[in-house]
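K.L.:
Here it is, the structure, as structure tokens.
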């Protein structure tokens, strides 16, 4: 039987096992703080759309609006009940990231009296 190393050697003319994807190469060029945010699956102010997609994937919804002549786009992640993240872009960069917690019990019951 062939070893894994021998199979790699046989396939080397057809497949380059050491070649990196365009995404991996792009990731390596990013500043360390952006790389950390992507690894932590977190959007940060200043990120581009491509970087946010690397961190969080595709948004479930996008909402565009113009306020006072400024075009913005909100990318929405998550579903209730749970955390909903709004990532706001103005131009090509993130200008705001907001987390909201929806449907997790919005009222607080008074504390129970201790048993006697």
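In the working numbering, the protein residues as written are 34 to 149.
Glycine residues also receive a C-beta, built at the ideal position from the N, C-alpha and C atoms.
Because the structure is a prediction, the values reported are computed rather than measured.
Which class does residue 123 belong to by DSSP, given the choice of helix, strand or coil?
P.N.:
The count along the chain shown starts at 1 and reaches residue 123 at position 90. Note: residue 123 maps to strand in three-state DSSP.
K.L.:
Just list the residues that DSSP pairs residue 115 with in beta bridges.
P.N.:
Counting from one through the chain shown, the residue named residue 115 turns up at place 82. Partner(s): 135.
K.L.:
Suppose you measure from the CA of residue 97 to the CA of residue 109; what does that come to, to the nearest Å?
P.N.:
In the chain shown, residue 97 corresponds to position 64, counting from 1. In the chain shown, residue 109 corresponds to position 76, counting from 1. So the two alpha carbons sit approximately 11 Å from each other.
K.L.:
Which one or two residues does DSSP pair with residue 106 in a beta bridge?
P.N.:
For the purposes of this step, residue 106 is identified with residue 73 of the chain shown, where counting begins at 1. According to DSSP, residue 106 bridges with 97 and 122.
K.L.:
What does the Cβ neighbour count give for residue 78, buried or exposed, with the cut at 16 atoms within 10 Å?
P.N.:
Working through the chain shown from its first residue, we reach residue 78 at position 45. Under this definition residue 78 is an exposed residue.
K.L.:
Within 10 angstroms of the Cβ of residue 114, are there 16 or more other Cβ atoms? Answer buried if so, exposed if not.
P.N.:
Locating residue 114 in the chain shown gives position 81, where the first residue counts as 1. Classification of residue 114: exposed, given that the 10 Å Cβ count is below 16.
K.L.:
Please state whether DSSP places residue 75 in a helix, a strand or coil.
P.N.:
As a working mapping, residue 75 is identified with position 42 in the chain shown. Three-state result, residue 75: coil.
K.L.:
In the DSSP output, what is residue 81 paired with across the bridge?
P.N.:
By one-based count along the chain shown, residue 81 stands at place 48. In the DSSP output, where bridge partners are listed per residue, residue 81 has 126.
K.L.:
Less than 6 Å between C-beta atoms, sequence neighbours within five positions excluded: which residues of the same chain meet that for residue 87?
P.N.:
The residue labelled residue 87 in the question sits at position 54 within the chain shown. Taken in chain order, the residues that qualify are 71.
K.L.:
If we count the other Cβ atoms within 10 Å of its Cβ and call it buried at 16 or more, is residue 127 buried or exposed?
P.N.:
Position 94 of the chain shown, counted from the start, is the residue given in the question as residue 127. It is buried - the Cβ of residue 127 has at least 16 other Cβ atoms within 10 Å.
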